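A short write-up of the structure that comes next.
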Amino acid sequence: MAIHPIEFRYGTPEMRAVWSEESRFFAIVQAEVALAGASARHGLIPAWAAAQIREKAGEASLARAKEIEDEIRHDMMAIVKAIAEVSGDAGGWVHFGATSNDILDTATGLQLKRALDLIEGKLRGLLGVLRARSLETRGLTCAGRTHGQIGVPTTYGLRFAIWASEVARHIERLSQIRPRVIVGKLTGAVGTQAALGQAGMEVQQDMMAALGISSVDVANQVVSRDRYAEYFMFLAGVATTLDKIGIELRSLQRSEIGEVEESFGEHQVGSSTMPHKRNPIRSEQVCGLARIIRSAVEPALQNNTLWDERDLTNSSCERVLFPEASVLTDHCLALMTSVLVGLTIKPARIRENLMALQGVNMAEAVMISLTGRGMGRQEAHEVVRVASMDALARRVPLAEVLAGSYDVTRLLSPEEIGSLLDPERYLGTAVAQVERLAERLKPLL
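Using this note's numbering, the letters of the sequence shown correspond one by one to residues 10 to 454.
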């Protein structure tokens, strides 16, 4: 019976597979095989034993390991015994020189490598969509908003570009954390490698090289959890960017604004009681799940504060954190990408909102122009502020109020005022910024 929503509602099949019991078991078996191989190459176990373990270990089963665990109450030792059973005479050499977390943390490193590969692929996919939409809408002028109030114009292209730039930084961060996060260890019970003798560091390096991951520099019984905390903080950062996008799309879909809309199926139902509803449920889902992903950061940081050479408080916690945060982040990336691909943009409504204040939102342009004609900047600000408040209070066009102001008309003609109040003429470098960023992002796609 399914309990957690990632079992039946959230998550992609590929990321669920990374954190499944079967995948975890297989990663542990891989680590044991690599340990045997490295140990044999350094003369710690017979070469024939390593070869036999490599040949037979794949026959070990999760089901058998669980049977053994029911008896001995130790999950790692149960897997060791399950591998040893199928390895024949070589079974006595399985797990030689290792402690449980040498294998468990190394298996986590293998899983993290696969997880980050999936997340990177989805980040690049999202980046491609945002870049394309930024170019598509580079000249689509819209009302900029600060404090929830209409300000000077911007473009939809610049909005998409800002999000694209943020996603690009996550891709950069991902490449930076890989060598710190994707690691394995073979340092023994307290970190001294005493069971491996003087060859310990070389055996560890050889084992991890065979697995395609990095070795820790030093460790006690466990990989230092600051590494894993960095992974969870990275996921939280990605989730927060998706949350940021989702919040903006939800705001822009509000009935009062109505500039964009999530795709809505022909037979889709928005409400069980209000038949007319077309709710942004996918963006809302991303925003909600981002809270769960971010909640992993605090316990992940606490997992680094273990007693002495280690205690077991991190173990139960990580069994929840790794699959939950990884699966939900991957799910949110896929979901937000689909939202952006199918997003409907409504130019007529965008234009209506842009012109809603009858030119008042262009007050800055008038102020700048007056300053350029010789009026002091502060004086120009006050002249235009008073005119704007008057226009808003009387609900008349700003041009009408400005036309009656001697302070303005002595410096600006009616034609110049009309030009200054045209939003299309006050976009600065918005289009150029989008095009420059799009060019810079090409190598990441």
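All C-beta atoms, glycine included, are put in the ideal place defined by N, C-alpha and C. A quick note: this is a predicted structure, and the numbers were derived from the prediction, not measured.
Taking the CB atoms as reference points, tell me whether residue i and residue j lie closer together than 8 Å.
i	j	result
Gln213	Glu318	no
Ile112	Ala40	yes
Leu453	Ala177	yes
Val455	Glu268	Not covered by the structure: residue 455. The range shown for the chain is 10 to 454.
Glu296	Asp226	For the sequence presented, residue 296 should be read as Cys rather than Glu. No, they are not a contact pair.
Ile222	Gly118	yes
Ile171	Ala245	no
Ile54	Ser96	no
Arg147	Val350	no
Gln542	Leu167	Summary: the structure shown does not reach residue 542, with the chain confined to residues 10 through 454, and so no result is reported for it.
Ala43	Ala208	no
Ala408	Gly368	yes
Ser143	Ala343	no
Val232	Arg123	no
Ile88	Phe34	yes
Ala173	Arg140	yes
Met345	Gly413	no
Gly200	Ala228	yes
Leu183	Phe243	yes
Asp215	Ala93	no
Leu315	Thr322	yes
Leu363	Thr150	yes
Pro332	Ile77	no
His51	Glu211	yes
If you follow the beta strand (DSSP E) that residue i is in, where does it begin and where does it stop?
i	result
Gln185	Here Gln185 belongs to no beta strand (DSSP E); instead the alpha helix (DSSP H) covers Tyr165 to Val190.
Gly153	Thr150 to Thr155
Does residue i come out as helix, strand or coil in the three-state DSSP assignment?
i	result
Thr196	coil
Gly381	helix
Glu270	strand
Gly221	coil
Thr117	helix
Gln214	helix
Pro432	helix
Gly134	helix
Val161	strand
Met458	As shown, the chain starts at 10 and ends at 454. That puts residue 458 outside it, with no answer to give.
Lys75	helix
Ser109	helix
Leu421	coil
Leu4	In the structure displayed, the chain extends from 10 to 454; residue 4 sits before or after that span and is not available.
Ala228	coil
Met103	The sequence shown places Val at residue 103, rather than the Met named in the question. It is coil, neither helix nor strand.
Val278	coil
Arg147	coil
Lys122	helix
Ala69	coil
Gly427	helix
Met371	helix
Arg500	Here the chain has residues from 10 to 454 only, and residue 500 is not among them.
Leu53	coil
Where do the ends of the alpha helix (DSSP H) carrying residue i lie?
i	result
Asn362	Pro356 to Leu363
Thr249	Asp235 to Leu261
Ala59	Ala56 to Lys65
Asn312	Looking at the DSSP string, Asn312 is not in any alpha helix (DSSP H), and its letter there is neither H nor E.
Lys90	Asp84 to Val95
Met345	Thr322 to Gly351
Gly297	Ile290 to Arg303
Met398	Arg386 to Arg403
Phe17	Run containing Phe17: none; DSSP gives neither H nor E here.
Ala319	Checking the sequence, you will find Arg at residue 319 rather than Ala. Per DSSP, Arg319 belongs to no alpha helix (DSSP H) and is neither H nor E.
Arg445	Ala439 to Leu450
Leu411	Leu407 to Ala412
Ser32	Glu30 to Arg50
If residue i sits next to residue j, beta carbons under 8 Å apart, how far is it from one beta carbon to the other, in whole angstroms?
i	j	result
Asn312	Arg236	About 10 Å; that fails the 8 Å criterion.
Ala374	Leu429	5 Å
Asp416	Val392	5 Å
Ala45	Ser70	About 19 Å separates the two Cβ atoms, so there is no contact after all.
Practice item. May I ask you to verify whether the region 191 to 211 touches the region 160 to 167, counting CB pairs closer than 8 Å and requiring at least 3? Key: no
Practice item. Check whether the region 10 to 29 touches the region 327 to 345, taking contact to mean three or more Cβ pairs, one atom from each stretch, closer than 8 Å. Key: yes
Check your understanding: So does the region 123 to 142 actually touch the region 103 to 112, counting three or more Cβ pairs closer than 8 Å?
Key -> no
Check your understanding: Quick one: any contact between the region 380 to 395 and the region 414 to 421, if contact means 3 or more CB pairs under 8 Å?
Key -> yes
Check your understanding: Counting Cβ pairs, one atom from each stretch, are 3 or more of them under 8 Å apart for the region 388 to 403 and the region 422 to 431?
Key -> no
**Study point:** the region 65 to 75 / the region 30 to 44 touching (three or more Cβ pairs under 8 Å)
**Key:** yes
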